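Residue numbering for the sequence shown is 20 to 224, as defined by the numbering used here.
Note that beta-carbon positions come from the ideal geometry of N, C-alpha and C, so glycine has one too.
A quick note: this is a predicted structure, and the numbers were derived from the prediction, not measured.
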Amino acid sequence: MNPETKLTRFQERYRTGQLPWDHLLPPPEVLAIGSTLPPGRGLDIGCGYGRAALYLAQHGWSMDGVDFVPEAIDEARKRAAALKLTPEQVRFHCADVTQLDFLHPPYDYAVDVGCLHSLNESDLNQLKQELNRLLRPGGLFMLFAHLRDPEAEVDEARPRGILETVLREILVTRENFHEEKVEYGTTTLPDGNCYQSAWFWLTKV
């Protein structure tokens, strides 16, 4: 899908409220970070309305959230202001997640809840390079992704998830990330569509 078409589709979803990911709190896997890791610098990739960044900022983290949809970033900033969070606690940036040169290392933690699985292989390689630059050695990258059925036909206009083999070939290598654990499951959306999905916990080499 070309970038302009992708942006238009997501803008329409935000404008019409078709946002199954719009919850007050982040997923339990992210909630656990607030109590299991000491606060540090964190990056919320494809942050949407910023639920992960906002939650962790309220628990002592210094967070950056990035999303390419202006409507998402505008609302994330409004929610941060309503919570009286300062720029030292959380900042939101309207940008492509594969072009993060305006951010500077080191980060202790990065989280992606459903962004990476919509990237093509070229963009995924670029995001990997950015994460390699930004995360400190030993830093944690938590990733939630829909996993594409390798036997299913692919609609290039609306790809449904990422092949796990591709994800591993690009991210989980000796030079990039070590897989700490993975938890498989299914995700059922309000429209009834059901996807295989997984959480990955990856440590920066």
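- Cα atoms of C66 and R193: separation of roughly 28 Å, rounded to the nearest angstrom.
- According to DSSP, residue pairing for S54 in a beta bridge does not occur.
- Contact between G84 and V109 is confirmed by a C-beta separation of about 7 Å, below the 8 Å threshold.
- Residues of the same chain with a CB within less than 8 Å of the CB of P125, apart from the 5 flanking positions on each side, are R60, L153, L154, R155 and G158 in chain order.
- Contact between H136 and A164 holds: their C-beta atoms lie close to 4 Å from each other, under 8 Å.
- Residue pairing from DSSP places I181 in a beta bridge opposite L166.
- Beta-bridge partners assigned by DSSP to S216: H165 and G204.
- Looking at P58, A91 and T105, the one whose alpha-carbon comes closest to that of D115 is A91.
- Under the rule that a run must span 3 or more residues, the beta strand (DSSP E) segments found entirely inside the segment 43-126 read 60-64, 81-86 and 109-113.
- Residue pairing by DSSP places K223 opposite F196 in a beta bridge.
- N139 sits away from K223, with the two beta carbons spaced by 9 Å or more.
- A straight line joining the alpha-carbon of A95 with that of L186 spans about 28 Å.
- Inclusion of L75 and A99 in the CB contact set at 9 Å is not warranted, their separation being larger than that value.
- Between the alpha carbons of N195 and R34 lies a distance of about 37 Å.
- In the DSSP assignment, D41 falls outside any alpha helix (DSSP H) and carries neither an H nor an E.
- CA-to-CA, the gap between R70 and C113 works out to about 16 Å.
- The criterion of a C-beta distance shorter than 9 Å is not satisfied by R167 and I189.
- F121 is classed as exposed because its beta carbon has fewer than 16 other beta carbons within 10 Å across all chains shown.
- Around Q145, the same chain offers T117 and Q118 as residues with beta carbons nearer than 8 Å, after the five sequence neighbours per side are excluded.
- DSSP places S141 inside the alpha helix (DSSP H), whose first and last residues are E140 to L153.
- Counting other Cβ atoms within 10 Å of its Cβ, K103 stays below 16 and is therefore classed as exposed.
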